[in-house]
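FYI, in the numbering used here the residues of the sequence shown are 8 to 311. Inspection log for the structure reproduced underneath, given as structure tokens.
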Amino acid sequence: MKTTPVTFEDLQSSVIAVPPLCRNKDLSLAKSQNSRLIKHMYKGGIRTLLYGGNANLYNIAPSEYHALLKMLVDISPDDMWVVPSVGPMYGTAMDQAKILSEFAFPTAMLLPTLFPSKPAGVATAIRHFVEKSGIKAVLYIKDGAYITPELAAELVNDGLISWIKYAIVEPDPKKDPYLKKLTKLVDTKLIVSGIGEQPAIIHLRDFGVTGFTAGCVCIAPSRSTAMLQAILKKDWDTAEKIREEFVALEDLRNAHSPILVLHHAVELAGVAQTGPVLPLLTELPANLLTKIEKAAKALLAKNG
Numbered sequence: 008m009k010t011t012p013v014t015f016e017d018l019q020s021s022v023i024a025v026p027p028l029c030r031n032k033d034l035s036l037a038k039s040q041n042s043r044l045i046k047h048m049y050k051g052g053i054r055t056l057l058y059g060g061n062a063n064l065y066n067i068a069p070s071e072y073h074a075l076l077k078m079l080v081d082i083s084p085d086d087m088w089v090v091p092s093v094g095p096m097y098g099t100a101m102d103q104a105k106i107l108s109e110f111a112f113p114t115a116m117l118l119p120t121l122f123p124s125k126p127a128g129v130a131t132a133i134r135h136f137v138e139k140s141g142i143k144a145v146l147y148i149k150d151g152a153y154i155t156p157e158l159a160a161e162l163v164n165d166g167l168i169s170w171i172k173y174a175i176v177e178p179d180p181k182k183d184p185y186l187k188k189l190t191k192l193v194d195t196k197l198i199v200s201g202i203g204e205q206p207a208i209i210h211l212r213d214f215g216v217t218g219f220t221a222g223c224v225c226i227a228p229s230r231s232t233a234m235l236q237a238i239l240k241k242d243w244d245t246a247e248k249i250r251e252e253f254v255a256l257e258d259l260r261n262a263h264s265p266i267l268v269l270h271h272a273v274e275l276a277g278v279a280q281t282g283p284v285l286p287l288l289t290e291l292p293a294n295l296l297t298k299i300e301k302a303a304k305a306l307l308a309k310n311g
């Protein structure tokens with residue numbers, strides 16, 4: 008596992024994959040299947056993994072956190088950069104910060120929550136996390152009410168943030184007042200588009216952010232990698248054609264649950280056995296699985 012400090016080159020060298028977490032029938036961590044999934048992504052050019060919402064770390068037991076981190080260290084290639092998440096609650100994040108200090112992860116992300124939280128309290132929590140863990144934090148902005156652009160800039164200016172995962176969904180991503188303001192206050196080299204392939208072209212081309220995170224990259228890593236490379240070359244037509252390959256599965260995720268559809272899709276495509284979903288979430292109804300399987304297998308077929 009890569010342990011050197013995060014750089015702009017890191018953020019731009021690979022799509023940041025946000026995978027599900029594979030579990031056994033008894034809900035324990037499935038080391039072999041998580042390894043299988045990582046190998047699939049690695050073969051497709053992925054060198055950065057972010058374990059967060061898609062891994063359902065919102066619901067992980069604090070007592071399991073050390074085992075999770077150890078597993079990720081054990082199964083990750085030497086040049087793979089792995090970003091775990093903490094929180095979303097303050098107390099959980101503080102306990103996890105102490106556990107993180109026993110490992111060599113360069114950064115970790117605070118999972119966002121709107122209740123119970125206030126922007127100033129979020130900023131304070133991040134300061135406390137960095138102090139206790141000894142590493143910089145990834146700031147995940149998923150809602151404008153979570154933290155203000157000004158507070159985000161203060162955290163960046165104080166050297167506490169490794170990068171920002173920007174994931175506020177707008178009806179028209181070209182019209183994004185929050186992102187427009189954020190890019191004026193924060194170096195765009197530290198901002199990553201955090202909503203998958205769909206708005207990535209607009210975010211990188213029109214707002215100048217650095218790279219993008221994605222979930223469906225877990226199924227078609229070579230295609231998502233090709234899309235990032237096309238964007239960096241400003242080959243917008245090629246990037247757009249590749250983006251369209253992900254639409255069918257992304258539409259299902261948006262309609263029925265980004266986390267759950269991806270969890271099922273990875274298994275139904277035959278990439279890895281993701282197993283049962285950790286409560287408080289639960290599996291999707293059987294009548295949706297046929298549609299998910301069709302879209303997932305079609306996307307995998309394009310992976311080559």
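Cβ coordinates follow ideal geometry from the N, Cα and C atoms, glycine included. As the structure is a prediction and not an experimental result, all values here were calculated from the model.
Here the stretch 152-163 makes no contact with the stretch 96-105; the two share fewer than three CB pairs at distances below 8 Å.
In this structure, the CA atom of residue 105 is about 25 Å from the CA atom of residue 86. In this structure residue 272 is in contact with residue 256, their Cβ atoms being roughly 6 Å apart against a cut-off of 8 Å. In terms of Cα proximity to residue 117, the closest of 111, 310, 171 is 171.
The Cβ atoms of residue 25 and residue 75 do not sit closer than 8 Å to each other.
Judged by DSSP secondary structure, residue 219 falls within the beta strand (DSSP E) whose first and last residues are 218-221. Counting C-beta atoms within 10 angstroms of its own C-beta, residue 92 has 16 or more neighbours from the protein chains shown and is therefore classed as buried. In the structure shown, residue 62 adopts coil according to DSSP, grouped into three states. Comparing alpha-carbon positions, the option among 54, 84, 34, 177 lying closest to residue 8 turns out to be 84. Restricted to the stretch 208-286, the alpha helix (DSSP H) segments that are unbroken, complete and at least 4 residues in length are 228-239, 243-252, 254-263, 265-275, listed in chain order.
Under a 10 Å Cβ-count criterion, residue 211 is classified as buried, with 16 or more other Cβ atoms of the shown protein chains found around its own Cβ. DSSP, reduced to helix, strand and coil, places residue 111 outside both helices and strands of the structure shown, so it counts as coil. Assignment of residue 162 by DSSP, reduced to helix, strand and coil, places it in the helix class. Within 10 angstroms of the beta-carbon of residue 310 lie 16 or more other beta-carbons, which makes it buried.
Considering only 228, 208, 227, the residue with the shortest C-alpha distance to residue 241 is 208. One Cα belongs to residue 68, the other to residue 205, and the distance between them is close to 32 Å.
Listed in chain order, the non-local C-beta contacts of residue 227 below 8 Å within the same chain comprise 51, 252, 253, 306, 307, 309, 310, local neighbours out to five positions each way being set aside.
Rounded to the nearest angstrom, the Cβ distance from residue 174 to residue 147 is 7 Å, consistent with a contact under 8 Å.
Spatial neighbours of residue 18 in its own chain (CB-CB distance under 7 Å, excluding positions within 5 residues in sequence) are listed in chain order as 170, 199, 217, 218. The beta-carbon distance between residue 78 and residue 107, rounded to whole angstroms, is 14 Å. This is too long to meet the 8 Å contact definition. Burial check for residue 215: the Cβ neighbour count within 10 Å stays below 16, so the residue is exposed. In terms of Cα proximity to residue 279, the closest of 22, 11, 221, 28 is 28. Assignment of alpha helix (DSSP H) within the stretch 109-143, counting only whole runs of 4 or more residues, yields 126-140 in chain order.
Just measuring C-alpha positions, the residue of 114, 80, 121 sitting nearest residue 97 is 121. With a contact defined as Cβ atoms closer than 8 Å, residue 299 and residue 259 qualify at about 6 Å.
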